[in-house]
Each structure stands twice: as C-alpha cells, then as structure tokens.
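What follows is a short report on a single structure.
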Amino acid sequence: LNALGNFINRTLTFAQRYFGGKVPEPGARGEADRAHLAAIAEQAGKVTDNLEAFRFSAALAEVMALARASNGYLDLKQP
Numbered sequence: 700l701n702a703l704g705n706f707i708n709r710t711l712t713f714a715q716r717y718f719g720g721k722v723p724e725p726g727a728r729g730e731a732d733r734a735h736l737a738a739i740a741e742q743a744g745k746v747t748d749n750l751e752a753f754r755f756s757a758a759l760a761e762v763m764a765l766a767r768a769s770n771g772y773l774d775l776k777q778p
C-alpha cells in the first residue's frame, strides 16, 4: 500500500505547490501522456472485471500496479 499512499501524497503536494491546490486545464499531451492514459484505461478495466467477479485481491493488485506506474509517470514528468 506504500505505492498508493506515495502516489496520493505526491499528487496532492504537486497540485498544491504548482497549481494552488486546483486541477489545471489539460495541456498538450505527449507520447508519455498518451501511453499512461492508455495504461490507466486498461488497468481500470481489469479492476472492474476483478471486482465484478469478486476477486478482490486481484483487483487490489491491479490498483497497486497502477499506483506504481503512476509514480513512475510522475517521476518522468516532474518539473
């Protein structure tokens, strides 16, 4: 769960520091942005499928995989 907590903390801190705590309007998307959005969509589908089949451990594993990928995305995109 550390990856998820770290991602949430980093996201909120980033939003506060650079955008006054508000989500900004989206800008132009690069290749890394498009790839991460595609990964989010894929992981969300896996989470949904697992939850609907009552595979809660598998759903949590997918959420954690997304948190780790999102931390990597933040590393790549940090100012």
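Here the sequence shown stands for residues 700 to 778, numbered as in this note's numbering. Note that the Cβ used here is the ideal one computed from N, Cα and C, for glycine as well.
Beta-carbon proximity check, residue i vs residue j, cutoff 8 Å
| i | j | result |
| --- | --- | --- |
| Ala702 | Ala760 | no |
| Asn749 | Ala757 | yes |
| Ser769 | Phe706 | yes |
Selection from the options that minimises the alpha carbon distance to residue i
| i | options | result |
| --- | --- | --- |
| Glu730 | Ala738, Glu724 and Pro723 | Ala738 |
| Val722 | Arg728, Thr710 and Leu736 | Thr710 |
| Lys776 | Leu700, Thr747 and Arg728 | Arg728 |
| Ala764 | Glu741, Pro778 and Gly726 | Glu741 |
| Gly771 | His735, Glu724 and Pro725 | His735 |
| Leu773 | Phe753, Ala752, Phe755 and Asp732 | Asp732 |
Extent of the continuous alpha helix (DSSP H) run through residue i
| i | result |
| --- | --- |
| Leu759 | Phe755 to Lys776 |
| Lys745 | Glu730 to Glu751 |
| Ala714 | Asn701 to Phe718 |
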